[in-house]
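According to my numbering, the sequence shown holds residues 1 to 138 in order.
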Amino acid sequence: MEDQPPVAPTRTGRDGIAAACAVSAFAACAALSAMAMPGPGPGAAQEPGPRESVDIRQEINDHFVGRLPYGWWISIPEERLSAFHVTVHIPDWWRGNPTAAVMDLCPDRRSRIWSVTKRLDLTAFYRKQPWPGFECRP
Numbered sequence: 001m002e003d004q005p006p007v008a009p010t011r012t013g014r015d016g017i018a019a020a021c022a023v024s025a026f027a028a029c030a031a032l033s034a035m036a037m038p039g040p041g042p043g044a045a046q047e048p049g050p051r052e053s054v055d056i057r058q059e060i061n062d063h064f065v066g067r068l069p070y071g072w073w074i075s076i077p078e079e080r081l082s083a084f085h086v087t088v089h090i091p092d093w094w095r096g097n098p099t100a101a102v103m104d105l106c107p108d109r110r111s112r113i114w115s116v117t118k119r120l121d122l123t124a125f126y127r128k129q130p131w132p133g134f135e136c137r138p
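Here's what the structure looks like:
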């Protein structure tokens, strides 16, 4: 007998036809639903298009509004050296490490903030003094 390379088993007959129909039916259904859905698909990027502009200060405010604990607030974001700087004011009655707490407030990688800037500097202001800052990057 001659040496022949191994061949992967294939489905034949009714099982093979059923599997092929299931795959093509799924693909057809997915294509039709994608065409019927308005707007970009679920895999589309969240970054703004050429006609859509991002108000970076509003985006930063919106990011922090839902994440700051009770009694905390932020200063107006300032642009400094191609980065935005935000001071997070922490009330005196709070207990903990303010720099570590501010690190947890960085925006996630999919945030629209990163479409405008590549760096966000956060500084905690706690007990009437600034604490060491932290630099957020995408």
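C-beta atoms are modelled at their ideal positions from N, C-alpha and C, and glycine is treated no differently.
Item checked: Strand pairing of Ile113, partner residues [DSSP] -> Taking the first residue of the sequence shown as 1, we reach residue 113 at position 113. Beta-bridge pairing links Ile113 to no other residue.
Check: If you run the structure through DSSP and keep just helix, strand and coil, what is Arg80?
Finding: Here residue 80 refers to the residue found at position 80 of the sequence shown. In this structure, Arg80 counts as strand in the three-state DSSP scheme.
Check: In this structure, does DSSP put Pro98 in helix, strand or coil?
Finding: Along the sequence shown, one-based indexing puts residue 98 at 98. In this structure, Pro98 counts as helix in the three-state DSSP scheme.
Note to self: In the DSSP output, which residue or residues are listed as bridge partners for Cys106?
What the structure shows: Looking up residue 106 in the sequence shown gives position 106. Bridge partners of Cys106: none, in fact.
Next item on the list: Buried or exposed for Trp114, please, with buried defined as at least 16 other CB atoms from any protein chain shown within 10 angstroms of its CB.
Entry: Taking the sequence shown and counting its residues from 1, the one referred to as residue 114 is at position 114. Flag for Trp114 reads buried.
Margin query: Rounded to whole angstroms, what is the Cα-Cα separation between Ser33 and Ile90?
Written below: Counting from 1 along the sequence shown, the entry for residue 33 is found at position 33. Counting from 1 along the sequence shown, the entry for residue 90 is found at position 90. Only weak support exists for where Ser33 lies, its pLDDT of 46 falling under 50; the coordinates are left without a value.
Notebook entry, point to check: Given a threshold of 16 other Cβ atoms within 10 Å of its Cβ, counted over all protein chains shown, does Tyr126 qualify as buried or as exposed?
Noted result: On the sequence shown, residue 126 is found 126 positions in, with the first residue counted as 1. It counts as buried.
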